[in-house]
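In our numbering, the protein residues as written are 232 to 364.
All remarks here apply to the structure that follows.
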Amino acid sequence: MATPQEEGRYSEALANAERLLGMPLEKFLEPTAGEPANGADFKRLATVHTFGDAWPRTENLDTRTRALVSVTIASVLGTLEPLRGQLRIALNNGVTPEEIVEVFIHVAAYAGAARAFEGYRIASQVFAEAGQA
(Lines of atoms letter the chains of each structure in order from A and count residues from 1; the text may use other names and numbers.)
(Lines give C-alpha, C1' and ligand atoms only; values in the text may rest on other atoms or scores of the structure.)
Protein backbone atom coordinates (compact mmCIF):
# COMPACT_ATOMS: atom_id res chain seq x y z
CA MET A 1 0.00 0.00 0.00
CA ALA A 2 1.30 3.44 -0.95
CA THR A 3 2.03 6.08 1.67
CA PRO A 4 0.19 9.41 1.57
CA GLN A 5 3.39 11.01 0.22
CA GLU A 6 3.59 8.39 -2.58
CA GLU A 7 -0.09 8.92 -3.38
CA GLY A 8 0.54 12.68 -3.60
CA ARG A 9 3.41 12.17 -6.01
CA TYR A 10 1.22 9.81 -8.07
CA SER A 11 -1.59 12.37 -8.22
CA GLU A 12 0.88 15.06 -9.32
CA ALA A 13 2.29 12.74 -11.99
CA LEU A 14 -1.21 11.96 -13.30
CA ALA A 15 -2.02 15.68 -13.45
CA ASN A 16 1.22 16.36 -15.32
CA ALA A 17 0.51 13.50 -17.74
CA GLU A 18 -2.96 14.90 -18.45
CA ARG A 19 -1.53 18.36 -19.07
CA LEU A 20 1.07 16.94 -21.46
CA LEU A 21 -1.23 14.49 -23.27
CA GLY A 22 -4.34 16.63 -23.33
CA MET A 23 -6.31 13.67 -21.93
CA PRO A 24 -6.38 11.63 -18.73
CA LEU A 25 -3.77 8.90 -18.48
CA GLU A 26 -5.94 6.80 -16.17
CA LYS A 27 -7.73 5.06 -19.05
CA PHE A 28 -4.39 3.54 -20.06
CA LEU A 29 -3.68 2.40 -16.50
CA GLU A 30 -6.83 0.37 -15.87
CA PRO A 31 -6.29 -3.22 -14.74
CA THR A 32 -6.30 -5.85 -17.47
CA ALA A 33 -7.58 -9.40 -17.31
CA GLY A 34 -5.09 -11.66 -15.61
CA GLU A 35 -2.95 -8.79 -14.35
CA PRO A 36 -0.86 -9.79 -11.32
CA ALA A 37 -1.61 -8.11 -8.01
CA ASN A 38 1.54 -6.00 -8.24
CA GLY A 39 0.65 -4.73 -11.74
CA ALA A 40 -0.89 -1.63 -10.19
CA ASP A 41 2.36 -0.99 -8.31
CA PHE A 42 4.32 -1.19 -11.56
CA LYS A 43 1.98 1.26 -13.31
CA ARG A 44 2.10 3.69 -10.38
CA LEU A 45 5.91 3.57 -10.14
CA ALA A 46 6.38 3.95 -13.90
CA THR A 47 3.92 6.85 -14.00
CA VAL A 48 5.63 8.67 -11.13
CA HIS A 49 9.06 8.18 -12.66
CA THR A 50 8.01 9.22 -16.15
CA PHE A 51 5.55 12.05 -15.51
CA GLY A 52 6.64 13.05 -12.01
CA ASP A 53 10.42 12.80 -12.28
CA ALA A 54 11.56 12.93 -15.94
CA TRP A 55 9.11 15.20 -17.80
CA PRO A 56 9.17 18.08 -15.28
CA ARG A 57 12.97 18.46 -15.63
CA THR A 58 12.73 21.52 -17.88
CA GLU A 59 15.67 23.50 -16.54
CA ASN A 60 18.05 22.06 -19.17
CA LEU A 61 15.73 20.50 -21.75
CA ASP A 62 12.38 22.16 -22.37
CA THR A 63 9.15 20.20 -22.74
CA ARG A 64 8.93 20.79 -26.49
CA THR A 65 12.44 19.42 -27.09
CA ARG A 66 11.84 16.56 -24.67
CA ALA A 67 8.69 15.69 -26.69
CA LEU A 68 10.70 15.52 -29.94
CA VAL A 69 13.29 13.31 -28.26
CA SER A 70 10.52 11.05 -26.95
CA VAL A 71 8.91 10.73 -30.40
CA THR A 72 12.32 9.76 -31.78
CA ILE A 73 12.97 7.16 -29.07
CA ALA A 74 9.54 5.53 -29.41
CA SER A 75 9.87 5.45 -33.18
CA VAL A 76 13.34 3.93 -33.17
CA LEU A 77 12.33 1.33 -30.59
CA GLY A 78 9.23 0.47 -32.60
CA THR A 79 6.95 0.93 -29.57
CA LEU A 80 4.01 2.07 -31.64
CA GLU A 81 1.32 2.44 -28.98
CA PRO A 82 3.59 4.54 -26.76
CA LEU A 83 4.51 6.49 -29.91
CA ARG A 84 0.86 7.59 -30.18
CA GLY A 85 1.11 9.14 -26.73
CA GLN A 86 4.45 10.78 -27.47
CA LEU A 87 3.01 12.28 -30.66
CA ARG A 88 0.03 13.65 -28.72
CA ILE A 89 2.39 15.16 -26.16
CA ALA A 90 4.48 16.72 -28.94
CA LEU A 91 1.46 18.24 -30.68
CA ASN A 92 0.04 19.49 -27.36
CA ASN A 93 3.32 21.21 -26.59
CA GLY A 94 3.88 23.23 -29.74
CA VAL A 95 5.59 20.75 -32.05
CA THR A 96 4.24 21.01 -35.59
CA PRO A 97 3.39 18.06 -37.84
CA GLU A 98 6.11 19.28 -40.21
CA GLU A 99 8.72 19.07 -37.45
CA ILE A 100 7.55 15.56 -36.61
CA VAL A 101 7.92 14.54 -40.25
CA GLU A 102 11.50 15.86 -40.11
CA VAL A 103 12.08 13.54 -37.14
CA PHE A 104 11.02 10.60 -39.30
CA ILE A 105 13.33 11.75 -42.09
CA HIS A 106 16.16 11.68 -39.57
CA VAL A 107 15.03 8.33 -38.15
CA ALA A 108 15.09 6.89 -41.69
CA ALA A 109 18.68 8.06 -42.11
CA TYR A 110 19.95 6.70 -38.80
CA ALA A 111 17.60 3.87 -37.77
CA GLY A 112 16.19 2.70 -41.06
CA ALA A 113 13.31 3.36 -43.39
CA ALA A 114 11.17 0.55 -41.95
CA ARG A 115 11.11 2.13 -38.48
CA ALA A 116 10.54 5.57 -39.95
CA PHE A 117 7.63 4.40 -42.12
CA GLU A 118 6.01 2.58 -39.19
CA GLY A 119 6.28 5.71 -37.07
CA TYR A 120 5.09 7.97 -39.86
CA ARG A 121 2.02 5.77 -40.36
CA ILE A 122 1.11 6.19 -36.68
CA ALA A 123 1.87 9.92 -36.86
CA SER A 124 -0.47 10.32 -39.83
CA GLN A 125 -3.26 8.71 -37.80
CA VAL A 126 -2.57 10.95 -34.80
CA PHE A 127 -2.44 14.05 -37.03
CA ALA A 128 -5.88 13.11 -38.41
CA GLU A 129 -7.26 12.51 -34.90
CA ALA A 130 -5.93 15.90 -33.81
CA GLY A 131 -7.34 17.63 -36.89
CA GLN A 132 -3.84 18.47 -38.11
CA ALA A 133 -3.66 16.25 -41.19
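From the three backbone atoms N, C-alpha and C, an ideal C-beta is built for every residue, glycine too.
Bear in mind the structure is a predicted one, so any value in this text is a computation, not a measurement.
- DSSP state of residue 256, grouped into three classes? Position 25 of the sequence shown, counting from 1, holds the residue named residue 256. Reduced to three states, the DSSP call for residue 256 is coil.
- residue 368 (DSSP reduced to helix, strand or coil): Given that the chain is displayed from residue 232 to residue 364, the structure contains no residue 368 and the question cannot be resolved.
- Query: Residue range of the alpha helix (DSSP H) that residue 277 falls in?
  - Reply: As a first step, residue 277 is located in the sequence shown; it is residue number 46 there, counting from the start. Residues 270-278.
- Item | Residue of 266, 296, 285 and 320 minimising C-alpha distance to residue 250 | Along the sequence shown, one-based indexing puts residue 250 at 19. It is 320.
- Task: Can you give me the Cβ contacts of residue 274 inside the same chain, cut-off strictly under 6 angstroms, excluding the 5 residues immediately before and after it?
- Result: For this step, residue 274 is matched to residue 43 along the sequence shown. Result list for residue 274: 260, in chain order.
- Query: The alpha helix (DSSP H) with residue 335 in it runs from where to where?
  - Reply: Walking along the sequence shown from the start, residue 335 turns up at place 104. From DSSP, the alpha helix (DSSP H) with residue 335 extends over 328-342.
- Secondary structure at residue 239, three-state DSSP: helix, strand or coil? As a working note, residue 239 is residue 8 in the sequence shown. Three-state DSSP puts residue 239 in a helix.
- Task: Would you kindly work out how many angstroms separate the C-alpha atoms of residue 267 and residue 361, rounded to a whole number?
- Result: Looking up residue 267 in the sequence shown gives position 36. Looking up residue 361 in the sequence shown gives position 130. Distance between the alpha carbons of residue 267 and residue 361 is about 35 angstroms.
- Query: Can you tell me whether DSSP reads residue 363 as helix, strand or coil?
  - Reply: Taking the first residue of the sequence shown as 1, we reach residue 363 at position 132. DSSP places residue 363 in coil when its eight states are reduced to three.
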